[in-house]
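In the numbering used here, the protein residues as written are -9 to 387.
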């Protein structure tokens, strides 16, 4: 099908433009269905992790470092933004053409590119925080665990990423392709695509710097800092009286975390970066290559689903703290409903014909107050009980 790729589009300016809509069939059906499935799963999982982590950020007496909670929270927010951007890609897959403005196109590419940078960097910062809180001295460990320190590091990383993304701001636009021009009827079919097409030299250096800063460096940091933790714990076990079972459990947890993060990181990001440089050598013309490129582009979105789930499910401190908050909320709600029921019954008794004596009313009110005070005292006593865990592994993500 002939296409006109010339920059001078004045020839078709006054012609009738027919929006090209590719039928939703063939390989696009499977690609779009897969993207939609992961998009729904990504929204659900990140929303659940936010529900678990967000209340803990400002809750008192939480054993998990606030910095790690903040990083997981930021990771989920970034993933949700990526899932929103993914919706625009799904819509393009469904209609076969870009449906939105150039500004929305630039926003989509920025959110999509930020996922390539921010997710690995946040995982990098989490591994560094775990190493600092476990292996370094008390002062450095406490500093790394604070919320203020985490916010500062995150802002620095975000500013660095935004500087690196300047080519995306400069060279993102909606490209219009004119197809099948009909001179007799003065009609032309148009297809719009949102794309990032910088000059070849800028594209090469952008991909190279992005690969180093968002793939190679985070991968090295994740492996180095997480692998350093078991060696530190082993050395400490030889010089302290830490229970062997607790130490073995902590080591198993660290090893499991390292293996999971490394495998997911390598599987999700290595094909993506290999394909980015391979595109400079081989052109994507065959349908099979195009399908493969779509699924390779899906892999970073899969990491958006995997990372928050791993960090939340593997951290017993987060799960237990969330369970405690939920139990406290239920207890307060139950206390409020019980008190409201008692007041309703008391009000009914004061209706003419069933009126209580003043002394009986005061006695009933005092009983309610004393029961509520006793319940709160028992709750506070339980909160002060020491943990049964002999090794504090809440920081070992």
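Quick reminder that beta carbons are idealized off the backbone N, C-alpha and C, glycines included.
Measuring only the C-alpha atoms, how far is residue i from residue j?
| i | j | result |
| --- | --- | --- |
| residue 305 | residue 36 | 16 Å |
| residue 206 | residue 108 | 14 Å |
| residue 137 | residue 214 | 24 Å |
| residue 76 | residue 23 | 13 Å |
| residue 153 | residue 100 | 12 Å |
| residue 255 | residue 321 | 41 Å |
| residue 164 | residue 198 | 25 Å |
| residue 315 | residue 166 | 53 Å |
| residue 307 | residue 127 | 22 Å |
| residue 140 | residue 265 | 33 Å |
| residue 181 | residue 258 | 31 Å |
| residue 260 | residue 220 | 26 Å |
| residue 394 | residue 263 | Since the first residue of the chain shown is -9 and the last is 387, residue 394 is not available in this structure. |
| residue 71 | residue 103 | 11 Å |
| residue 124 | residue 57 | 14 Å |
| residue 216 | residue 330 | 52 Å |
| residue 332 | residue 313 | 28 Å |
| residue 244 | residue 300 | 12 Å |
| residue 25 | residue 34 | 14 Å |
| residue 285 | residue 249 | 23 Å |
| residue 326 | residue 310 | 24 Å |
| residue 289 | residue 52 | 34 Å |
| residue 68 | residue 341 | 58 Å |
| residue 185 | residue 80 | 15 Å |
| residue 209 | residue 83 | 32 Å |
| residue 105 | residue 156 | 15 Å |
| residue 65 | residue 269 | 29 Å |
| residue 73 | residue 318 | 33 Å |
| residue 191 | residue 267 | 13 Å |
| residue 111 | residue 195 | 20 Å |
| residue 282 | residue 55 | 41 Å |
| residue 183 | residue 200 | 24 Å |
| residue 280 | residue 144 | 36 Å |
| residue 134 | residue 62 | 15 Å |
| residue 293 | residue 21 | 18 Å |
| residue 251 | residue 189 | 35 Å |
| residue 39 | residue 50 | 19 Å |
| residue 247 | residue 41 | 22 Å |
| residue 226 | residue 142 | 31 Å |
| residue 389 | residue 222 | Because the chain spans -9 through 387 in this model, residue 389 falls outside it and cannot be assessed. |
| residue 13 | residue 168 | For residue 13, the predicted model reports a pLDDT of 49, less than 50, meaning its position is unreliable; a value from the coordinates is still stated below. Each residue's alpha carbon lies about 18 Å from the other. |
| residue 328 | residue 297 | 42 Å |
| residue 242 | residue 224 | 12 Å |
| residue 18 | residue 87 | 12 Å |
| residue 132 | residue 45 | 21 Å |
| residue 179 | residue 291 | 33 Å |
| residue 95 | residue 278 | 26 Å |
| residue 323 | residue 338 | 22 Å |
| residue 253 | residue 193 | 28 Å |
Report the three-state DSSP secondary structure of residue i (helix, strand or coil).
| i | result |
| --- | --- |
| residue 179 | strand |
| residue 162 | strand |
| residue 222 | helix |
| residue 186 | strand |
| residue 48 | coil |
| residue 167 | strand |
| residue 250 | helix |
| residue 87 | coil |
| residue 54 | coil |
| residue 36 | helix |
| residue 372 | Per-residue confidence for residue 372 stands at a pLDDT of 47, beneath the threshold of 50, marking its modelled position as unreliable; the derived number appears in the next sentence. In the structure shown, residue 372 sits in a helix (DSSP, three-state: H, G or I). |
| residue 304 | coil |
| residue 341 | coil |
| residue 269 | coil |
State the CB to CB distance for the pair residue i and residue j, rounded to an integer number of angstroms; the pair is presumed to be in contact (CB under 8 Å).
| i | j | result |
| --- | --- | --- |
| residue 302 | residue 43 | 7 Å |
| residue 115 | residue 98 | Not really, about 26 Å apart at Cβ, beyond 8 Å. |
| residue 212 | residue 295 | Going by Cβ atoms, the distance from residue 212 to residue 295 rounds to 18 Å, so no, they are not a contact pair. |
| residue 47 | residue 60 | 6 Å |
Measure from the C-beta of residue i to each C-beta in chain B and report whether the shortest distance is under 8 Å.
| i | result |
| --- | --- |
| residue 266 | Included in the structure is just one protein chain, with no chain B present. |
- Query: Just checking, does the stretch 155 to 165 make contact with the stretch 115 to 125 on the three C-beta pairs under 8 Å criterion?
  - Reply: no
- On the three-pair Cβ rule with 8 Å, is the stretch 141 to 156 touching the stretch 79 to 93? In the pairwise beta carbon analysis, the stretch 141 to 156 is classified as not touching the stretch 79 to 93: fewer than three pairs are separated by under 8 Å.
- Message: What ranges does the alpha helix (DSSP H) occupy inside the stretch 113 to 157, keeping only unbroken runs of at least 4 residues that lie completely in it?
- Response: 128 to 135 and 137 to 154
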